[in-house]
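Chains as they are written, first to last, in my numbering: chain G, 10 to 340; chain Y, 3 to 135.
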């Protein structure tokens with residue numbers, strides 16, 4: 010009989026019994042609803058062992074890649090150690106040293122971190138950058154592990170933002186910080202290499218997209234990869250030269266900087282970034298879409314990308330929520 | 003559909019769910035159906051502030067039920083899920099709109115009228131629970 014482990018406990022699990030039923034029987038509360046593998050309320054993660062394929066049916070590819078599964082339809086045939094989604098979000102912290110700080114434009118600081126322990130992550134996921142018990146924030150990873158030696162974050166200075174002020178004004182190369190994570194499902198997955206990828210971001214939402222685009226190219230993605238970065242005016246754009254160079258050297262990659270303010274100089278599109286991206290790309294049937302940045306943009310773009318034909322499972326979104334001054338522990 | 007009796011029934015009769023094509027048919031229908039609902043001015047405002055991923059999963063559960071497939075939803079679940087929409091004016095007209103969208107989704111997928119009527123009847127059976135009356 011296979012053994013099911015949860016935290017420090019483990020029990021034999023009968024053939025045909027679901028992980029959900031086994032845990033509920035032992036008094037462990039697991040959110041659930043349909044019990045048919047449909048509603049995804051009972052999403053959990055395998056921390057050891059492989060969940061059966063049937064328990065991952067209908068999940069998006071990045072969830073499958075991180076060993077998530079639906080407990081109500083998971084009938085293990087081999088030993089399995091599982092964790093709740095909350096436990097997954099509270100991984101222990103890893104020390105890191107600041108190796109570089111570079112302003113990419115007036116308000117975005119590139120932070121280069123060397124982890125003291127190797128970090129298993131994918132470009133586009135996020136980590137929590139921890140100053141102390143009072144202050145931590147989530148930042149997306151712009152670096153690609155196979156390509157970049159250290160972790161790269163893009164930290165936008167938020168008016169009255171305590172974490173971003175700390176990063177912009179106090180952090181220096183050589184400083185020690187803690188990081189937690191990685192987390193998040195917004196990353197490139199191997200699959201259909203010919204599928205079109207549409208990447209749309211505002212502000213420092215470029216960080217995960219810059220990582221995802223380079224990760225996809227590195228992994229031999231052959232379909233079109235279209236990156237649209239939006240800002241009000243030119244001062245809010247960054248990495249423009251790197252992205253134009255990348256577009257010149259990679260035939261399947263293109264980059265469109267979009268300005269929503271009154272003027273757009275040559276080489277820039279004028280309008281809201283997601284309007285332009287959707288207009289230029291047309292039907293999104295069979296496209297994969299990544300949306301990062303301002304929550305209103307992400308919300309609107311998600312709906313319109315879906316209406317333009319993208320399947321719900323192929324839309325990856327990461328809304329950057331700014332916490333009110335004084336609050337802690339969110340982005 | 004877990005009891006021996008219903009196993010016997012499905013094995014000896016082609017259930018509605020099997021005739022429609024089972025889970026792949028639900029998968030084919032769910033995005034089309036959800037797009038119709040979001041584009042329908044009569045009901046789209048109810049979906050303005052919902053998490054689209056969670057909503058898509060719920061649509062799949064609803065379609066599975068309407069297709070006569072395996073599910074564990076009860077009338078109570080339907081009541082609870084829609085209770086917060088009653089003060090926002092959820093009414094028969096909105097239920098009609100959802101059922102129309104369901105039928106036009108199935109027509110688009112080339113499903114026979116006779117089967118569409120059966121799906122419509124199952125969806126119709128949830129009306130009083132959805133409207134909490």
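Heads up, the beta-carbon is just placed ideally off N, CA and C, and yes, glycines get one too.
(message) Spatial neighbours of residue 337(G) within its chain, please: C-beta separation below 7 Å, excluding the five flanking residues on both sides.
(response) Its pLDDT being 42, under 50, residue 337(G) is placed unreliably in this model, and the coordinates cannot settle the point.
(request) Just list the beta strand (DSSP E) runs in the region 80-111 of chain G, keeping only unbroken ones of 3 residues or longer that don't cross its boundaries, in chain order. (result) 89-92
(message) Pull the bridge partners of residue 20(G) from the DSSP assignment, please.
(response) 13(G)
(message) Ignoring anything shorter than 4 residues, give me the alpha helix (DSSP H) runs that lie fully in the region 246-284 of chain G, in order along the chain.
(response) 249-258
(request) Please state if the CB of residue 99(Y) and the CB of residue 212(Y) are separated by a distance shorter than 8 Å. (result) Outside the shown range of chain Y (3 to 135) lies residue 212(Y), about which nothing can therefore be said.
(message) Looking at chain Y, is there any beta carbon in it that lies within less than 8 Å of the beta carbon of residue 10(G)?
(response) no
(request) Tell me the start and end of each unbroken alpha helix (DSSP H) in the region 10-50 of chain Y that is at least 4 residues and wholly inside, in chain order. (result) 18-22, 24-41
(message) Using beta carbons (cut-off 8 Å, strictly below), is residue 83(G) in contact with chain Y?
(response) no
(message) Tell me which residues of the region 53-82 of chain Y have at least one Cβ-Cβ distance to chain G shorter than 7 Å, keeping chain order.
(response) 54, 55, 58, 59, 60, 62, 63, 66, 72, 73, 74, 75
(message) For the structure I just gave you, are there three or more beta carbon pairs, one from the region 48-62 of chain G and one from the region 163-180 of chain G, closer than 8 Å?
(response) no
(request) May I ask you to verify whether the region 146-164 of chain G touches the region 33-41 of chain G, counting CB pairs closer than 8 Å and requiring at least 3? (result) no
(request) Note down, in chain order, every chain Y residue with its Cβ under 7 Å from the Cβ of residue 49(G). (result) 59
(message) Assuming residue 304(G) is part of the alpha helix (DSSP H), what are its boundary residues?
(response) 304-316
(request) Please decide whether residue 114(Y) counts as near chain G, where near means a Cβ-Cβ distance under 8 Å. (result) no
(message) Looking at chain Y, is there any beta carbon in it that lies within less than 8 Å of the beta carbon of residue 240(G)?
(response) no
(request) Starting from residue 44(G), find everything on chain Y with Cβ-Cβ shorter than 8 Å and list it in chain order. (result) 74
(message) Less than 6 Å between C-beta atoms, sequence neighbours within five positions excluded: which residues of the same chain meet that for residue 325(G)?
(response) 195, 299
(request) Note down, in chain order, each residue of its chain lying with its Cβ closer than 8 Å to the Cβ of residue 97(Y), except the 5 sequence neighbours on either side. (result) 129, 132, 133
(request) Return the bridge partner residues of residue 189(G) from the DSSP annotation. (result) 102(G), 137(G)
(request) Mind checking which residues open and close the alpha helix (DSSP H) that includes residue 51(G)? (result) Run containing residue 51(G): none; DSSP gives neither H nor E here.
(message) If we define contact as Cβ-Cβ less than 8 Å, is residue 131(Y) a contact residue for chain G?
(response) no
(message) Can you check whether the C-beta of residue 53(G) is within less than 8 Å of a C-beta belonging to chain Y?
(response) no
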